[in-house]
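**Student:** Add 556 to the 1-based position in the sequence shown for my numbering, that's all there is to it.
Once you've had a glance at the structure underneath, I'll fire off some questions.
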Amino acid sequence: MTDTRKAKVYVTGITHNDTTSCYPEGTQAMREAGTILIQKFSANGKTPLSRVKIVRGLLDDNGQKLKEAERTLPSWFNPEDICNHFNGKPINFDA
């Protein structure tokens with residue numbers, strides 16, 4: 557997890573929390589500068605909600621950083637559909 561952008565390598569990481577112990581040592585500055593963090597919510601710790609918060613890494617239409625911006629995830633944004641997308645079953649973004 558060094559500067560993956562230079563190698564044109566993209567990493568998807570899923571973690572239970574955004575703490576230093578969840579990542580390799582010495583990567584905090586790179587994470588802050590080059591990663592997207594989306595915080596997902598659940599109703600009771602088990603039932604996922606479509607509500608998310610953009611913590612870092614995304615921009616709005618004017619190029620401003622979205623920080624702590626609440627949004628709703630589309631129904632296709634789930635691990636199974638994303639995995640299938642990269643394995644021959646493209647996501648139907650219009651559904």
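Note that the Cβ used here is the ideal one computed from N, Cα and C, for glycine as well.
How is the beta strand (DSSP E) around E626 delimited, first residue to last?
**Tutor:** Annotation for E626: the continuous beta strand (DSSP E) segment containing it runs A625 to T628.
**Student:** Is it true that the region 577-584 meets the region 597-606, where meeting means three or more beta-carbon pairs spaced less than 8 Å apart?
**Tutor:** no
**Student:** Let me know the secondary structure DSSP gives P635 once reduced to three states.
**Tutor:** helix
**Student:** Can you check DSSP and say which residues form a bridge with R607?
**Tutor:** T628
**Student:** Between K609 and N648, what straight-line distance do the alpha-carbon atoms span, to the nearest angstrom?
**Tutor:** 24 Å
**Student:** Could you name the residues that DSSP lists as bridge partners for I594?
**Tutor:** I610
**Student:** Suppose the cutoff is 7 Å on Cβ atoms and the five residues either side in sequence are ignored; what does the same chain contact list for P604 look like?
**Tutor:** K596 and S598
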